[in-house]
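For the sequence shown, UniProt numbering assigns the number 1 to the initial residue and increments by one for each residue that follows. C-beta atoms are modelled at their ideal positions from N, C-alpha and C, and glycine is treated no differently.
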Amino acid sequence: MFFGTFTPKLDDKGRLTLPAKFREELTDGLMVVKGQDRSLAVYPKAEFLVRAKKAAEASRTNPKARAFVRNLAASADEQALDSQGRISVSALHRNYAGLQKECVVIGNVDFIEIWDAESWESYSAEHEEDFSDGDDEVLASFL
């Protein structure tokens with residue numbers, strides 16, 4: 001599982017060092033895809049394949065489901081950690097997430113998110129009340 005917030009820097013070659021505490025769950029490969037809110041999502045490869053297969057079971061006659069599966073598959077980039085725990089973030093993904101040098105990597109329980117630092121700061125400030133207010137439906141299984 002993935003928890004915590006980290007602030008690695010994207011190097012000039014588009015490589016990003018993932019937190020050491022996340023690496024053990026990623027040794028069998030990982031998938032980087034477009035995430036929500038202009039972030040990137042990083043899944044252990046096995047977890048991603050389960051989710052992708054489930055998504056692909058959606059009705060192909062539903063335009064929104066078809067678009068989601070198409071975009072998910074098209075944006076998927078299989079990666080492996082290098083010896084220093086880095087991944088190469090593709091130009092497509094850097095552009096999508098607006099990644100500059102300063103990045104934020106957060107654990108989101110069963111996957112990792114990569115954000116541009118300014119975007120994360122803005123998102124966090126905008127959604128702080130959502131966390132503080134807590135929806136009973138969302139929190140029921142946690143509290």
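Neighbour-count burial assignment, residue i, 16 or more Cβ in a 10 Å radius
i	result
ASP116	buried
GLY98	exposed
ARG44	Note on residue identity: the sequence assigns Pro, not Arg, to residue 44. Buried, because 16 or more other Cβ atoms sit within 10 Å of the Cβ of PRO44.
SER39	buried
HIS127	exposed
ALA56	exposed
VAL109	exposed
ALA58	exposed
VAL50	exposed
PHE111	buried
PHE48	buried
PHE2	buried
LEU18	buried
Where residue i falls: helix, strand or coil (DSSP)
i	result
PHE68	helix
PRO8	coil
PRO63	helix
LYS45	helix
LEU18	coil
LYS54	helix
Cβ separation of residue i and residue j, assumed to be a contact under 8 Å, to the nearest whole Å
i	j	result
LEU26	VAL89	Wrong, their Cβ atoms sit about 14 Å apart, outside the cutoff.
LYS9	LYS101	5 Å
ALA42	ILE114	The displayed chain sequence assigns Val, not Ala, to residue 42. At roughly 7 Å, the Cβ-Cβ gap stays under 8 Å, so VAL42 and ILE114 are in contact.
ASP11	TYR123	With a Cβ gap of about 24 Å, ASP11 and TYR123 do not count as contacting.
heavy atom of the ligand ADP below 7 Å from residue i C-beta
i	result
LEU49	With respect to small molecules bound, the structure shown includes none, and the ligand ADP cannot be examined in it.
message: My parser needs the beta strand (DSSP E) runs of 3 or more residues fully inside the UniProt domain "SpoVT-AbrB" (76 to 119); what are they?
response: Runs of the beta strand (DSSP E) inside the UniProt domain "SpoVT-AbrB" (76 to 119): 77 to 79, 86 to 88, 103 to 107 and 112 to 116.
- request: Decide yes or no for the touch test of the segment 27 to 45 against the segment 63 to 82: beta carbon pairs closer than 8 Å, at least 3 of them.
  value: By the C-beta criterion, the segment 27 to 45 is judged to be in contact with the segment 63 to 82, since at least 3 inter-stretch pairs fall below 8 Å.
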